[in-house]
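Here the structure is laid out as structure tokens; the discussion comes afterwards.
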Amino acid sequence: MAYLIEDCSNCGKKVSMSIAQTFWKGKVDTHASYFCKECGNLTEINWINEEPEDRILEVLREQDGLWNLQIRSQDKDRILIMKTLKDELNLGMDKIKEIIKNFDNLKLDGTKDEIEKMAYAFYKAGITAYIERIQ
24 MAYLIEDCSN CGKKVSMSIA QTFWKGKVDT HASYFCKECG NLTEINWINE EPEDRILEVL
84 REQDGLWNLQ IRSQDKDRIL IMKTLKDELN LGMDKIKEII KNFDNLKLDG TKDEIEKMAY
144 AFYKAGITAY IERIQ
């Protein structure tokens with residue numbers, strides 16, 4: 024869990040918002056909440072099918088760590104890897120080609136739950152992926 028100082032949406036006082044991610048049913052759910060002691064406002068935010076703001080992801084990466092997924096694969100898996108990347112990350116072929124330039128040691132960085140989601144997608148495709156915390 025990570026924390027960010029925000030302004031209360033009701034009274035404007037500073038509050039400590041907790042932010043977390045959950046990998047569940049094949050999706051990453053980012054959620055945040057805070058309680059304002061000044062006015063009693065309780066706010067919860069969920070980004071279930073949306074990408075959260077960049078600053079939210081930055082706070083998660085800074086406080087919960089940056090994670091890395093590696094695929095040590097041979098050329099026989101190239102098509103499956105490209106298909107999985109395209110499906111899971113909604114990337115165009117130009118971006119996928121850029122990512123797999125270093126194909127022998129493919130690495131992706133992200134939050135723990137983002138990386139677990141990708142590892143699960145590769146697992147379903149029959150591709151072995153390795154996860155490690157790098158920061």
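Numbering (my numbering), first residue to last: 24 to 158.
We put the beta carbon where it would ideally sit given N, CA and C, even for glycine.
Values in this document were obtained by computation on a predicted structure and should not be read as measured data.
Span of the beta strand (DSSP E), counted from its first residue to its last, around residue i
i, result
"Q158", "Careful: Q158 lies outside any beta strand (DSSP E) and carries neither H nor E."
"D30", "A25 to D30"
"L92", "W90 to I94"
Residue i - DSSP class collapsed to helix/strand/coil
i, result
"A55", "strand"
"K23", "Because the chain spans 24 through 158 in this model, residue 23 falls outside it and cannot be assessed."
"I42", "strand"
"I68", "strand"
"K37", "strand"
"L103", "helix"
Cutoff 6 Å; reference residue i; Cβ partners in own chain excluding five residues on either side
i, result
"D52", "T45 and I71"
The alpha helix (DSSP H) enclosing residue i, as first and last residue numbers
i, result
"A142", "K135 to K147"
"I150", "Element bounds for I150: n/a, residue is neither H nor E."
"D77", "D77 to D87"
Inset, instruction - Specify whether the region 72-82 and the region 92-107 touch according to this definition: at least 3 beta carbon pairs, one from each stretch, less than 8 Å apart. - result: Below 8 Å, too few C-beta pairs join the region 72-82 and the region 92-107 to call them touching: fewer than three.
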